[in-house]
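Here the structure is laid out as structure tokens; the discussion comes afterwards.
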Amino acid sequence: MKSRADEKRAKAHPALETIKARIAERLLAAGLSGREASVRAKLGLTYANDILSGRSLKPTRETLAKLGTVLDTDADYFFGTQASPRNPTSNLLQIRDTEAVEPSPSLPVASIPLFQIGLTDPDGFFALRADRRTAWTSSVTSTRDTYAITVPDDCMAPRYRIGEVVMVSPSKPVVHGGFALVRQNDDRVAIRQIVTISTDKITVRCLNGEADIEIPRSQVKALERIIGSCELF
């Protein structure tokens, strides 16, 4: 005779754990709660949270596709049959660093906040201090919330070297393998490559050969995407 737990497992979608992990990952990348994403996708108040909590066992492709439009991903990514959040053939533009840093005469010149960074703390994180913020003129395509920081060390070389400027967009989603500013609960930040995002931890990488670091998800306030870099003139 089957137990209730066995019956529950039999009813669940075979990829449910992957679906849950990837919904949680995309919520963090988008900076949204499960409730906010569900409402924006017009799926009610609790759709995403019901899946994450195990109350909903068989989410459909149709509803996950709707959630995906809010979390900038495809339904196949939730099911685990697609490696990256967006299929390369997607009509949505995926901004690359090499594209973002090329100035164009047709783009308007914009002024964005620039934080001049000094020494990092012993753990490699640093604060964005208001007294070290200036206005910086940039012709890089940016959103209203974009800001820039000077790279404080060479732990991300050769991608980003000390003294260069990286542009950060908190509103753009972060993907596995991408580069982001990792913001802790105390609002100190660090430039890192994002290796994996799971429900309980985020694995990050420096490019100087050190071992990958696992940060408990409870300590991470946000991941903010790096959209470009350039020399500071």
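Numbering (the numbering used here), first residue to last: 365 to 597. Heads up, the beta-carbon is just placed ideally off N, CA and C, and yes, glycines get one too.
Looking at the DSSP output, I590 bridges to V532. Between the alpha carbons of L478 and I387 lies a distance of about 33 Å.
For F442, the enclosing alpha helix (DSSP H) covers residues A439 to F443. Residues of the same chain with a CB within less than 8 Å of the CB of D518, apart from the 5 flanking positions on each side, are R525, I526 and N572 in chain order. Comparing alpha-carbon positions, the option among V539, D551 and R399 lying closest to V568 turns out to be V539. From the listed residues L380, S593, G542 and G541, the smallest Cα separation to S417 is found for L380. The C-alpha of A412 lies about 9 Å from the C-alpha of K384. Looking at the DSSP output, Q557 sits in a beta bridge with F543 and R569. For Q548, the secondary structure class from DSSP, reduced to helix, strand or coil, is strand. If you check the CB distance, R497 and G482 do not come in under 9 Å. Pairing R581 with S562 gives a Cβ-Cβ distance under 9 Å.
Collapsing the DSSP output to three states places S397 in coil. Annotated three-state conformation of Y411 is helix, per DSSP.
Classified as exposed, T424 has fewer than 16 neighbouring CB atoms from the shown chains inside 10 Å of its CB. In the DSSP annotation of this structure, E595 is not part of any alpha helix (DSSP H), being labelled neither H nor E. Under the DSSP assignment, T424 falls outside any alpha helix (DSSP H); it carries neither an H nor an E label. In the three-state reduction of the DSSP assignment, A494 falls in the helix class.
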